[in-house]
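In mature numbering (1 follows the signal peptide of the UniProt record, and there is no 0), the protein residues as written are -21 to -1, 1 to 173. For every residue, glycine included, the Cβ atom is placed at its ideal position computed from N, Cα and C. If you're wondering where the values come from, they're calculated on a predicted model, not measured in any experiment. Worksheet: one structure, shown below.
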Amino acid sequence: MRRTNLAAIGAALILGLTACTDDSDPEDTTKPDTKTSTPATEPTKSTAGTPSPAPQAGGLGDAITVNGDEDGQRLSVTLKKVSDPGVPATEFNQPGKGNRLIGIELEIKNTGTAVYADTPAISTQITDTQGRQFDTAVAKIKAGPSMAYGLTLQTGDTALGWLVFEAPKTAKIASVQFGMNSGLADHKGQWKLP
């Protein structure tokens, strides 16, 4: 009796698992995905081989409009000030040997219809005249308050703050670049520095 019950339970488990498996061939890519297919009347865009658009350019004090990858994502970003070299706010904010801190003050205004929720520190880079790019550093400078790390702006809201970078003392900073979607959006703003 006990063996019969175990056999029945085992058979039920096997049948249950078999019913839950996907019969489609994982290598078969010719079947259309009916959940995500587009109507035949709607043309599809191919981005393969299409270069990203050139960044919108400006200079110190200029507001540049940047767009995100989703509908309604749009910001007006202004490079307000540059502090080079930036004076460390505390003894704990010292740059590494042979390096200096560089601060940039950005004003970010949400001019789109979608809520902006992103990290400006990840969205921004500086580039020197040799083409080397530098990400933000975890440091504060005396020039002013830091930009919020996780920033959320409703339509019409504005934020102002400093982002700090670390670069070699010998590097001549040529530009600042900002892109939405953590810097990954195709449409970027770029400010040339004198």
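Item: Straight-line CA distance for glutamate 86 to threonine 92?; Value: 18 Å
Item: At the level of alpha carbons, what is the spacing between leucine 80 and glycine 158?; Value: 22 Å
Item: Please name the residue or residues paired with arginine 79 in a DSSP beta bridge.; Value: Ala146
Item: Mind checking threonine 103: buried by the 16 CB within 10 Å criterion, or exposed?; Value: buried
Item: When DSSP labels each residue in this structure, what does threonine -1 get in the three-state scheme?; Value: Because threonine -1 carries a pLDDT of 44, less than 50, the predicted location of this residue cannot be relied on, and the following value inherits that uncertainty. Threonine -1: coil per DSSP, three-state reduction.
Item: Taking histidine 166 as the reference, give the member of Leu39, Gln52, Asp41 and Gly38 with the closest Cα.; Value: Gln52
Item: At which residues does the beta strand (DSSP E) containing alanine 153 begin and terminate?; Value: 152 to 158
Item: So, at 6 Å on beta carbons, what are the nonlocal neighbours of serine 125 in its own chain, with the 5 sequence-adjacent residues on each side left out?; Value: Lys119, Gly140 and Trp141
Item: Taking the straight line between their C-alpha atoms, what separation do you get for glutamine 109 and glutamate 145?; Value: 16 Å
Item: Tell me which same chain residues have a C-beta within less than 6 Å of the C-beta of glutamate 84, skipping the five on either side of it?; Value: Lys59, Lys60 and Trp141
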